[in-house]
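Numbering (this note's numbering), first residue to last: 616 to 676.
This is the structure we're talking about:
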């Protein structure tokens with residue numbers, strides 16, 4: 616949005632399609648946002664390990 620936020624609101628950016636959408640929410644609203652997590656150093660090894668030792672189940676073969 617290019618307009619200034621309305622009084623008593625705050626801007627929040629949401630992922631939308633391949634871009635973003637900015638909306639206004641009440642200033643006191645609690646906005647949940649994901650934490651940024653680092654990527655895995657070796658994704659292939661992590662998938663293989665998870666398949667060999669899945670949580671609460673027998674190994675996948």
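Heads up, the beta-carbon is just placed ideally off N, CA and C, and yes, glycines get one too. These numbers come from a predicted model, not from an experiment.
Handout entry: Proximity below 7 Å, CB of residue 624 to CB of residue 635
Key = no
Problem - In DSSP terms, what residue 626 is bridged to - result: 639
Handout entry: residue 657 to residue 637 span [Cα, whole Å]
Key = 35 Å
Practice task
Could you check the C-alpha separation between residue 665 and residue 654 for me, to the nearest Å?
Solution key: 16 Å
Exercise for the section: Answer yes or no: do residue 627 and residue 645 have a C-beta to C-beta separation smaller than 7 Å? Expected result: no
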